[in-house]
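As you go down the protein sequences, you meet chains F and X in turn. Letter by letter, the first sequence follows residues 1 to 113 in the numbering used here. Letter by letter, the second sequence follows residues 1001 to 1114 in the numbering used here. For reference, the structure is listed below as structure tokens.
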Amino acid sequence: SQTIHQWPATLVQPVGSPLSLECTVEGTSNPNLYWYRQAAGRGLQLLFYSVGIGQISSEVPQNLSASRPQDRQFILSSKKLLLSDSGFYLCAWSSGSHTDTQYFGPGTRLTVL
Amino acid sequence: AQTVTQSQPEMSVQEAETVTLSCTYDTSESDYYLFWYKQPPSRQMILVIRQEAYKQQNATENRFSVNFQKAAKSFSLKISDSQLGDAAMYFCAYRGQAGTALIFGKGTTLSVSS
């Protein structure tokens, strides 16, 4: 069966510091990978998605970036965090079909102070 | 642009009773997919049920079923025999045929009392 991992689970960072969140998927090959953000009291918003190694599409302009160095690894980064980057970050995967269901990881709670 | 509306910010139900959560959406597409996700206090999003728009039959997963009214653009979730573990925030989500992103509603917080 497929499993998806995210770490760290919780992170507190000062404004202006760098960020690296990692997501890995097990039990599948060539997954589509997604990064969503859930701000307090709001629904989820897609930030990035990837259909293959090195292929990243951005949905929302911001100071965040994403990379996919390996088939089942997806990384969310920032060079300098802003207060507005605080939120709950969820990674998701789906099969190669664009119509397939997205399955979510446990998430990372990021607080920027 | 597609939108998803959940008009009930909070709902409550007694154990063993039935509750229905409402969701409406707006789209000009004819083929799409609808989902209900559950987000418990752990905050991991868990798929509850999925409905393909081209299927007339309403999806069912154990105690969870949907009432999909395509013409009315309505997609409600019915939870039968409610259990304490059903307490969570429930999100309705839409995905177009050619789309990538799930478009989420703002969620409904369900509380279950014994």
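Glycine is no exception: its CB is placed at the ideal position from the N, C-alpha and C atoms.
Minimum Cβ-Cβ distance from residue i to chain F less than 8 Å
i, result
"G1107 (chain X)", "yes"
"L1034 (chain X)", "no"
"M1011 (chain X)", "no"
"F1075 (chain X)", "no"
"Q1044 (chain X)", "yes"
"F1068 (chain X)", "no"
Residue i: first and last residue of the uninterrupted beta strand (DSSP E) it sits in
i, result
"Q55 (chain F)", "55-58"
"Q23 (chain F)", "Reading off the sequence shown, one finds Cys at residue 23 (chain F), where the question assumed Gln. 19-26 is the span of the beta strand (DSSP E), which, as asked, contains C23 (chain F)."
"V15 (chain F)", "From DSSP, V15 (chain F) is part of no beta strand (DSSP E); its letter is neither H nor E."
"T1003 (chain X)", "1003-1005"
"Q73 (chain F)", "73-78"
Any chain X beta carbon closer than 8 Å to residue i
i, result
"R68 (chain F)", "no"
"G43 (chain F)", "yes"
"Y49 (chain F)", "yes"
"Q102 (chain F)", "yes"
"F74 (chain F)", "no"
"E59 (chain F)", "yes"
"L46 (chain F)", "yes"
"L113 (chain F)", "no"
Local conformation of residue i per DSSP, three classes
i, result
"G1085 (chain X)", "helix"
"S1030 (chain X)", "coil"
"L1110 (chain X)", "strand"
"S84 (chain F)", "helix"
"T45 (chain F)", "The sequence shown places Gln at residue 45 (chain F), not Thr. In this structure, Q45 (chain F) counts as strand in the three-state DSSP scheme."
"V51 (chain F)", "strand"
"L1102 (chain X)", "coil"
"Y1037 (chain X)", "strand"
"S1042 (chain X)", "coil"
"E1010 (chain X)", "strand"
"A66 (chain F)", "strand"
"E1121 (chain X)", "Outside the displayed span of chain X (1001 to 1114) sits residue 1121 (chain X), for which this structure offers no information."
Spatially closest choice to residue i from the options, by CA coordinates
i, options, result
"Q45 (chain F)", "F:S77, F:Y36, F:I53", "F:Y36"
"S1007 (chain X)", "X:S1111, X:A1001, X:K1055, X:G1105", "X:G1105"
"H5 (chain F)", "X:Y1033, X:M1045, X:Y1025, X:V1013", "X:M1045"
"R109 (chain F)", "F:L19, F:N63, F:Q62", "F:L19"
"S1082 (chain X)", "X:V1013, X:C1023, X:F1035", "X:V1013"
"G87 (chain F)", "F:A9, F:E59, F:I56, F:D100", "F:A9"
"Q1057 (chain X)", "X:F1068, X:V1048, X:A1093", "X:F1068"
"K80 (chain F)", "F:Y103, F:P31, F:G54, F:L113", "F:L113"
"S1114 (chain X)", "X:E1017, X:A1001, X:M1011, X:E1010", "X:E1017"
"E1015 (chain X)", "X:P1041, X:G1085, X:T1100, X:A1098", "X:G1085"
Residue i - partner residues in DSSP beta bridges
i, result
"L90 (chain F)", "F:Y36"
"K1078 (chain X)", "X:T1020, X:S1065"
"R1095 (chain X)", "X:Y1033"
"T10 (chain F)", "F:R109"
"T3 (chain F)", "F:E26"
"T1060 (chain X)", "X:S1065"
Near the ligand GDP: residue i beta-carbon under 7 Å from a heavy atom
i, result
"D85 (chain F)", "By its list of ligands, the structure shown contains no ligand whatsoever, and the ligand GDP lies outside what it can speak to."
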